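Asker:
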Amino acid sequence: MGEVLPRAAAAAVVLWSLGLGALGCGGSAPATETPPPPTGDITVSPGFGDVARSGTAGGPDGETRCPGFFPAEPQHRLTLTGNQLEMHVEVAGEGLALFIRQGNNVFCNEAGESPTQVSRGAWSRGEYEIRVGTVAAGGSVPYVLRVVEDR
26 MGEVLPRAAA AAVVLWSLGL GALGCGGSAP ATETPPPPTG DITVSPGFGD
76 VARSGTAGGP DGETRCPGFF PAEPQHRLTL TGNQLEMHVE VAGEGLALFI
126 RQGNNVFCNE AGESPTQVSR GAWSRGEYEI RVGTVAAGGS VPYVLRVVED
176 R
């Protein structure tokens, strides 16, 4: 037969497993904050819905075909595995600009647009480089980038 724990010991096990320490003393409460979205690359197929990534915007490059100051290298690579995806790319944060390149094609957000986004209807299969910049030189701003399927 199994061993039966006294009530106090059983309560301590429950509290410990909840992160409250032995009998509620000396432990830390479980984290309630939602972690930020991951950074890096994104791959999507039809029916993906909504994908988010985070990062820091800004950079020295003001010589792009889009208004703003962008990093020399893309922060994200977006790969579309399906053709003619109806979607848009948006970024949340203050004073931001978007620069998206696929081969020789460049897509920018409209100046002063809120939210900052690139929405171009049907997107073609392939890889897109995404750079998130700042409107003003010398800025460094945290952001959340979202790729959203339009339904």
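The opening position of the sequence shown corresponds to residue 26 in my numbering, with each subsequent residue numbered one higher. Idealized CB from N, CA, C, for every residue including glycine. Computed from a prediction, not measured in an experiment: that's the story for all the values here.
(1) For Pro167, name the three-state secondary structure that DSSP assigns.
(2) Report yes if the CB atom of Val86 is closer than 8 Å to the CB atom of Arg171, and no otherwise.
(3) Can you tell which of Gly107, Gly146, His101 has the C-alpha that lies nearest to the C-alpha of Phe188?
(4) Starting from Ala147 and walking both ways along the beta strand (DSSP E), at which residues does that stretch end?
(5) Spatial neighbours of Ser144 within its chain, please: CB distance less than 6 Å, with the 5 preceding and 5 following residues excluded, ordered by chain position.
(6) Kindly indicate which three-state DSSP category Cys91 falls into: helix, strand or coil?
(7) Count the other CB atoms, across all protein chains shown, that sit within 10 Å of the CB of Arg78; report buried if there are 16 or more and exposed otherwise.
(8) Following the continuous beta strand (DSSP E) through Gly80, name the residue where it begins and the one where it ends.
(9) Within this structure, are the beta carbons of Phe94 and Gly83 separated by less than 8 Å?
(10) Find the nearest neighbour of Arg150 within the set Ile67, Leu110, Pro62, judged by alpha-carbon distance.
(11) For Gly65 versus Val157, is the C-beta distance shorter than 8 Å?
(12) Would DSSP call Arg176 helix, strand or coil?
(13) Specify, as a first and last residue, the run of the beta strand (DSSP E) that Asn130 falls within.
Answerer: In short:
(1) strand
(2) Note that residue 86 is Asp in the sequence shown here, rather than Val. In this structure, Arg171 does not lie closer than 8 Å to Asp86 by Cβ.
(3) A question about residue 188 goes unanswered here, because the residues of the chain that appear run from 26 up to 176.
(4) 141–148
(5) His113
(6) coil
(7) buried
(8) 75–82
(9) yes
(10) Leu110
(11) no
(12) coil
(13) 130–133
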